[in-house]
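In what follows, a single structure is set out as structure tokens and then discussed.
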Amino acid sequence: MKNIKYYKISVISCVLCLSLFFLYQYVNSGIADTNTVQTEESFTTNELLAKFQHKQQKLEDFIEKAIEIEGKIKDITFQDGKYSLILKGDSDASYILCEMQSDQNADVKKLHAGQNIKLKGILKGFLLDVILLHCVII
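According to the numbering used here, the stretch in the sequence shown is residues 6 to 143, in order.
Structure (structure tokens):
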């Protein structure tokens with residue numbers, strides 16, 4: 006009878022340890038490289054900002070999905086080891102903020118304001134501006 010009790014405790018302990026290990030691996034697996042993620046949709050800055058401002062299409066459909074965006078660089082910033090590009094459309098009411106993947110730093114250093122660019126990033130949301138994270142230059 007004692008052996009069965011120790012056996013059950015051992016099995017439950019092993020299952021619990023394995024579950025915790027796989028949960029830890031899942032949580033710390035990191036973010037997929039945007040280069041390898043399939044693009045859901047392509048937009049120009051004006052198209053995306055128009056959809057955002059006039060709610061022509063629910064941008065919620067694209068949240069957490071990769072999209073391509075083509076437009077003109079308004080500004081380039083560097084903070085906490087990452088570059089961010091601000092893309093503009095025809096209006097100055099809203100912008101598209103693109104935080105670059107850190108492996109893109111060397112390529113971003115070659116860019117300048119006013120230059121046209123095509124990026125792919127993960128749409129995270131929008132408040133006053135549209136926000137893309139983990140962007141890569143196409």
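We treat Cβ as the ideally placed atom computed from N, Cα and C, and that holds for glycine.
Self-check item: Option nearest Asn110 by Cα separation, candidates Gly76, Ile136, Thr82
Solution: That would be Thr82, whose Cα lies nearest to the Cα of Asn110.
Quiz item: Taking C-alpha atoms, which residue in Ser18, Lys13, Ala71 lies nearest to Gly130?
Solution: Nearest option by C-alpha distance: Ala71.
Quiz item: Out of curiosity, what's the CA-to-CA distance linking Val42 and Ile68?
Solution: Here the C-alpha atom of Val42 lies approximately 14 Å from the C-alpha atom of Ile68.
Quiz item: Ends of the beta strand (DSSP E) at Asn121?
Solution: Asn121 -> beta strand (DSSP E) spans 121-131.
Quiz prompt | Cβ neighbour criterion (16 or more within 10 Å) applied to Gln120 | solution = Label assigned to Gln120: exposed.
Self-check item: Gln106 - DSSP class collapsed to helix/strand/coil
Solution: Reduced to three states, the DSSP call for Gln106 is coil.
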